[in-house]
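Heads up: the structure comes next, in structure tokens.
In structure tokens form, the structure reads like this:
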């Protein structure tokens, strides 16, 4: 227990002292805690980006890992610090929805409002709860303090749904780029489930439309791509990506996080989709 | 002892092999050393930036932590490697002032010139003492070698005062931006002590002047800020910051590290300050 | 054995979840593995950059360290995952030459094709073998599974020679910038051995030519350089660097990775070199 792993998913960056200071707080409480960075380069203030980052990584960690997810533009206000336990994992995060995708994936949840101030660093600043609240609580948790000691269970915590593609008309499904990764791959919010016809035995003609560019190929590995060809591919986390072989699809398409991506089908495909999406409310 | 924590505060970056190589040197000497990065993105060659970074973080670490602070533009010259012990901490750094803010905060100091070359990696290069001198000494220190074994105490080490705000005339106190953080917050060299009237029960009218922009609000949390409003706020390390809610104050003000910041008071405030700063020599 | 050190040299960056996810995979298999980043900022898809990075660092690590070197533009194709053991170290990498400089330095090598799929994460994605193959195998290796269990030895693995300077004519040796480091130093592919006359007791007049700029000084420490002077210096890994004191040689020369660097000697030097390089085939 005293060796518990603590992960960091934050927007604090790696240039300032923030993350280093938080690690000191943890190690002062528990010198044998094992701290691992998932990413400290979440886009500043971007709760969705933080939610996506932790959602892609946490399942790969051992049971009882403490995941700190600190994207906290509301620091110093009345937004509550949360301690969330799922069947296998523990999360510390501000109550602003940054755990929404974890909530989406987990059946059994206990969400507590961390209010036991004697576990905080005193005095608590109004600008750095990552240090004064979250790191301190993580340190105590890693020493084996029971979760119930930190505060009462609540049910009115903040959660949002990840943005889903919207059916604009029978021939057009409109999605968005959730994230551009380090390689310039564009992770969209289309999943395999959203586009069943694309993965059918005889997929119809289709195109992804991004600004005035079109993407008409589906590949199964990056290396299959022709020079400067942008193609669609199912990424390692289940989302469709727009990618290119040994280059940046973002640069080739002039697209980035937030760019709209249309999925357009020919008439035959439209009919199939009409059947498949019967009952879905257009966005 | 053999589990001692070693922190890194350097300008070596995270793109090259430098930091990874230094960690190898330490782990080869002591595979159970626990290495933690405070920041390896100190501005290249910037001794003040290194001094600020370590000063903000070290107090949060457990006693007996070894802090490596390597910003070393004089590598390969006669500048001495230092081993500094304070009441609770140990520091390794070049003798160029990068520990000045530690010296400022600590009452009891022992400063040694690290000269015991048999603890160095041989041959010692003239361009990478982070590897050949500092990491090697950190490794031995973490194994429990007594500090006295590394060299004699000295008193003529380099130190500088952090730049303090200067009273230009009774109505104008001139400061500077010490640092822009990852969020675009501008950390100034004004502290609460420099501006007592600002935190009095009835603070007078005031403005911070940055180029042709003015900042006239004081907030206590980032989230209180109006859209695109730049305000002043006491940051988590005691310095006044110029900040904005969910955005970059640096971008809004067109300011950065080194930008001058004037603190201007109205007549009533001037009188109060005149009393408070009686005896202070204008800069 | 269960405490084995695992290093990361990858082009996965520190902004996405990739590296954090891989660390989770390892720690789930072996919670006491000790993971250290050499660099996760290898240039995207750049096998030579990855090869240089690991080559500069690995020798400094303790025996039996597992070095993961994942620059893998061919992920999802038939390129094989390799497990390489040298006298002291263990490497995991795709079979694309990213270990070429390790192969160059090591006398005794065993190279295996990792094919024992029961050690992989299932299902294996076609886009993220860093997670599904390499991290999983590293976790098992760190638990003490014998290398022979992972697959058969092979001899037809990919390797390339690092680009060597070429003698264009008796007065001109043409090299290239291999890397620009965080400080803007330009690491060339000239080594001390390539330019013996430069390190002779009475070195001849020489110049390095970069575009329309010339570098005519050799220094032994960065701090010897005059303001804005670019000079040559033997770097900490044995390559000649073009550098400047407290500034960026890359900016001053308008050069970067891939820029050609000519080494030009006067007539006397030419004669000496002619003798020294007798038998060398001009490039």
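Residue numbers (the working numbering), protein chains in the order written: chain A, 374 to 656; chain B, 374 to 656; chain C, 374 to 656.
Positions of the beta carbon are idealized from the N, C-alpha and C atoms, including for glycine.
Check                                                                                                                                            : Outcome
Residue 407 (chain B), enclosing beta strand (DSSP E) - first and last residue                                                                   : 407-412
Contacts around residue 622 (chain C), its chain only, beta-carbon distance under 7 Å, and the 5 residues preceding and following it disregarded : 557, 558, 559, 603, 615 and 616
Segment contact, 8 Å Cβ cut-off, at least three pairs: the region 407-417 of chain A with the region 535-549 of chain A                          : no
Residue closest to residue 581 (chain C), alpha-carbon to alpha-carbon, out of C:594, C:605 and C:381                                            : C:605
Proximal residues of chain C, C-beta to C-beta of residue 446 (chain B) below 8 Å                                                                : 595, 596, 618 and 619
Where residue 434 (chain A) meets chain C, residues with beta-carbon distance less than 8 Å                                                      : 397, 400 and 401
Outcome for residue 654 (chain B) when other beta-carbon atoms lying within 10 angstroms are tallied against a minimum of 16                     : Because residue 654 (chain B) sits at a pLDDT of 47, beneath the cut-off of 50, its placement in the model cannot be relied upon, and the point is left open.
Within-9 Å CB hit, residue 723 (chain B) to chain C                                                                                              : The displayed coordinates of chain B run from 374 to 656. Any statement about residue 723 (chain B) would go beyond what the structure contains.
Interface positions of the region 376-391 of chain A facing chain B (Cβ-Cβ less than 9 Å), listed along the chain                                : 384, 385, 386, 387, 388, 389, 390 and 391
N- and C-terminal bounds of the alpha helix (DSSP H) containing residue 430 (chain C)                                                            : 420-430
Within chain A, the residues that residue 504 (chain C) reaches when beta carbons sit closer than 8 Å                                            : 433 and 609
CB contact below 9 Å: residue 492 (chain A) versus chain B                                                                                       : no
For residue 338 (chain B), three-class secondary structure by DSSP                                                                               : Limits of chain B in this structure are 374 at one end and 656 at the other, which puts residue 338 (chain B) out of reach.
Where residue 501 (chain C) meets chain A, residues with beta-carbon distance less than 7 Å                                                      : 609
is_contact[residue 404 (chain C), chain A] using C-beta, thresh 9 Å                                                                              : yes
Extent of the continuous alpha helix (DSSP H) run through residue 621 (chain A)                                                                  : It is not in any alpha helix (DSSP H) - residue 621 (chain A) carries neither H nor E in the DSSP assignment.
Residue 572 (chain A) burial status per 10 Å Cβ neighbour count (16 or more: buried)                                                             : exposed
Segment contact flag, the region 429-438 of chain B with the region 452-468 of chain B, C-beta cutoff 8 Å, min 3 pairs                           : yes
Chain B residues whose Cβ lies nearer than 8 Å to that of residue 412 (chain A)                                                                  : Under the 8 Å cutoff, chain B gives no residues; its nearest Cβ is about 13 Å from residue 412 (chain A).
Inter-residue spacing [alpha-carbon to alpha-carbon] between residue 442 (chain A) and residue 392 (chain A)                                     : 12 Å
Where the beta strand (DSSP E) containing residue 604 (chain C) begins and where it ends                                                         : 604-607
Proximal residues of chain C, C-beta to C-beta of residue 417 (chain B) below 7 Å                                                                : 555 and 556
DSSP three-state assignment for residue 488 (chain C), whether helix, strand or coil                                                             : coil
DSSP-derived helix/strand/coil call for residue 463 (chain A)                                                                                    : strand
Assigned secondary structure, residue 666 (chain B) (DSSP; H/G/I helix, E/B strand, else coil)                                                   : Given a span of 374 to 656 for chain B in the structure shown, any question on residue 666 (chain B) remains unanswerable.
Element boundaries [beta strand (DSSP E), containing residue 582 (chain A)]                                                                      : 579-583
Exposure label - residue 566 (chain A); buried when at least 16 CB within 10 Å                                                                   : exposed
Buried or exposed by the 16-neighbour rule on C-beta atoms within 10 Å, applied to residue 508 (chain A)                                         : buried
CA nearest to the CA of residue 607 (chain B), picked from A:531, A:624 and A:498                                                                : A:498
CB of residue 511 (chain B) within 9 Å of CB of residue 399 (chain B), strictly                                                                  : yes
Nearest candidate by alpha-carbon position, reference residue 613 (chain A), set A:550, A:515, A:490 and A:395                                   : A:550
Contacts around residue 471 (chain C), its chain only, beta-carbon distance under 7 Å, and the 5 residues preceding and following it disregarded : 420, 423, 424, 442 and 444
DSSP state of residue 637 (chain B) mapped onto helix, strand, coil                                                                              : strand
Contacts that residue 394 (chain A) makes with chain C (C-beta to C-beta distance below 9 Å)                                                     : In chain order: nothing, as chain C lies at least about 18 Å away.
Within chain A, partners of residue 450 (chain C) - CB distance below 7 Å                                                                        : 594 and 596
Boundaries of the alpha helix (DSSP H) in which residue 338 (chain C) is found, first to last residue                                            : Because chain C in this structure spans residues 374 to 656, residue 338 (chain C) falls outside the shown range and cannot be described.
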